[in-house]
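Here the structure comes first, spelled out in structure tokens, and everything after it is commentary.
Residue numbers (the numbering used here): 1 to 282.
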């Protein structure tokens, strides 16, 4: 089912003469994980800010076209309604910590307090999220005393506490070590299993290949390519438009060019698929 639809979108930032988003059309379905890829300044974050209504209400500028959320024009929702449906995690978690709460526990509960969630339900939800995000030992710490990776987990837990239908993650692993990165993607997998729709801006393309259903490639404010992850991430033209391909895929594409792999065999896009391809156990 179509959850978000963008029709003929053009957007120009204030004081800019050239459009950042150009002639963009996009439909996102419920329950899928979308990987949004492309070079820096391709327009990925701008697109996400349009989807969540921050453009033009916060960033101003000139927006043309139509954005539909659950079949209704985005302009028919107030900001609180949009926030209850669409959650957003910034690339820099420092900007997402409220600054008004003294502990991680209170920070995760803060959004629910603002929405008037019952105390018993709030306590239960916070306890669940502390466990899910491996934050139990940090619950009494001041959020500003945490590392960047720990702040990222707290910020994401605070968003999920509000139970939005759509979760936009803008490079959620940019400040995380490999173990914390793995933990975040396991949470993404869990959220998908509960029916959440996730839009993921991520440069770690091997993780995009493993966890995303569809991939959207952007360049210069336009969607260059969109489709199932396998179709996009085995297409070498992605590289010409500022995107990346998984290392596994590049290896097997070279093998196919050299005639070592039959033309009709599917190219692996993940490590697990590579082992299956080779008939070996990981």
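Using N, Cα and C, we set each Cβ at its ideal position, and we do this for glycine too. Quick caveat: nothing in here was measured; it's all calculated off a predicted structure.
By Cβ distance, which residues of its chain are closer than 6 Å to residue 212, with the 5 residues on each side in sequence left out? 33, 35, 229
For residue 231, report the span of its alpha helix (DSSP H) as first-last. Where residue 231 is concerned, the enclosing alpha helix (DSSP H) stretches over 229-233.
Tell me, please, whether the region 71-91 touches the region 166-173 by the rule of three or more beta-carbon pairs shorter than 8 Å. yes
So the alpha helix (DSSP H) residue 215 belongs to, where does it begin and stop? Run containing residue 215: none in the alpha helix (DSSP H); it sits in the beta strand (DSSP E), 214-219.
Given a cut-off of 8 Å, decide if residue 113 and residue 142 are closer than it, judged by their beta-carbon atoms. no
Could you have a look at residue 8 and say whether DSSP puts it in helix, strand or coil? Residue state, collapsed to three classes: strand.
Entirely enclosed alpha helix (DSSP H) segments - the region 100-176, minimum 4 residues: 104-115, 119-132, 148-160
At which residues does the alpha helix (DSSP H) containing residue 189 begin and terminate? Judged by DSSP secondary structure, residue 189 falls within the alpha helix (DSSP H) whose first and last residues are 178-193.
Report the CB separation of residue 284 from residue 214 in whole angstroms; it is logged as a contact under 8 Å. Here the chain covers residues 1 to 282 and nothing more, so residue 284 does not appear.
Per DSSP, residue 67 is paired with what? 6
Can you tell which of 22, 46, 69, 77 has its C-alpha closest to the C-alpha of residue 60? 46
Burial state of residue 263, where buried means 16 or more other Cβ atoms lie within 10 Å: It is exposed - the Cβ of residue 263 has fewer than 16 other Cβ atoms within 10 Å.
Run through the DSSP bridge pairs and tell me what residue 197 is partnered with. 166
With which residues is residue 240 paired in a DSSP beta bridge? Paired residues: none, contrary to the question.
Smallest Cα separation from residue 231: which of 249, 222, 221? 249
The region 60-76 / the region 10-29 touching (three or more Cβ pairs under 8 Å): yes
In DSSP terms, what residue 27 is bridged to: According to DSSP, which records beta bridges pairwise, residue 27 is partnered with 5.
Note down the Cα distance separating residue 155 from residue 83, rounded to an integer number of angstroms. 15 Å
Secondary structure of residue 37, DSSP reduced to three states: strand
How would you call residue 259, buried or exposed, if buried means at least 16 neighbouring beta carbons within 10 angstroms? By the neighbour-count criterion, in which 16 or more other beta carbons inside 10 Å mark a residue as buried, residue 259 falls on the exposed side.
When DSSP builds the beta bridges, which residues end up paired with residue 254? Per DSSP, none; premise fails for residue 254.
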